[in-house]
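One structure is given here, and the rest of the page talks about it.
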Amino acid sequence: VMYRSEATSVEGFIQQLAVSYLGSGYWFYVVGEVPEGKDPRRVDEKLVARYEIDLSKWARARRKRAGLANLQYLRLGRLFVLLATHGNHPFFEWEAASVRDARKTPIRFRGYSISYRGGASPRPHRPR
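Under this note's numbering, the first residue of the sequence shown is numbered 494, with each subsequent residue one higher.
Spelled out as structure tokens, the structure:
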């Protein structure tokens, strides 16, 4: 089974991001866009391989115990988000200029602002 990175709806994207990822400590992120003319699924494969994202929950647990960061990748259409937990990983060097912390800088997506505040569950907010 290949790593599932493509969300099929805005609601699914927001829920996966807010509940599954931010709620599990994936606070560091980079937002990007698949360039026109490039196949989004090819970009998915490349990023999942480059950042070693397709790991079992057991491998993730071993990495966490060893002080290494784990990453997740999520895409809707051409927009994608790479997310990381605390720890060592080349991601923090490679993306140094772009990495943000969702506890300080909300992830903005299609009118939603998704952030994490310690203790409370992450919630997407839509401007009125």
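Each residue gets a CB set at the ideal place from its N, CA and C atoms; glycine is no exception.
What is the residue span of the alpha helix (DSSP H) that residue i lies within?
i: Val-512; result: Note, Val-512: premise wrong, no alpha helix (DSSP H); not H, not E.
Shortest alpha-carbon distance to residue i belongs to which of the options?
i: Glu-545; options: His-582, Gln-509, Ser-517; result: His-582
i: Phe-506; options: Leu-567, Arg-543, Leu-540; result: Leu-567
i: Arg-534; options: Arg-596, Glu-588, Arg-497; result: Arg-497
i: Gly-556; options: His-579, Val-536, Val-512, Leu-575; result: The residue you asked about is not Gly; residue 556 is Arg in the sequence shown. Answer by Cα proximity: His-579.
i: Arg-593; options: Phe-521, Lys-539, Ser-513; result: Phe-521
i: Thr-598; options: Trp-587, Gly-530, Val-524, Phe-584; result: Val-524
Which two residues bound the contiguous beta strand (DSSP E) that contains residue i?
i: Ser-591; result: Where Ser-591 is concerned, there is no enclosing beta strand (DSSP E), given that its DSSP letter is neither H nor E.
What residues are listed by DSSP as bridge partners for residue i?
i: Arg-601; result: Ser-606
i: Val-503; result: Bridge partners of Val-503: none, in fact.
Can you have a look at residue i and say buried or exposed, based on whether 16 or more other CB atoms are within 10 angstroms of its CB?
i: Ala-542; result: exposed
i: Ser-608; result: buried
i: Ala-559; result: exposed
i: Asp-532; result: exposed
task: At 3 residues or longer, and completely inside the segment 524-572: list those beta strand (DSSP E) runs for me, N to C.
output: 564-569
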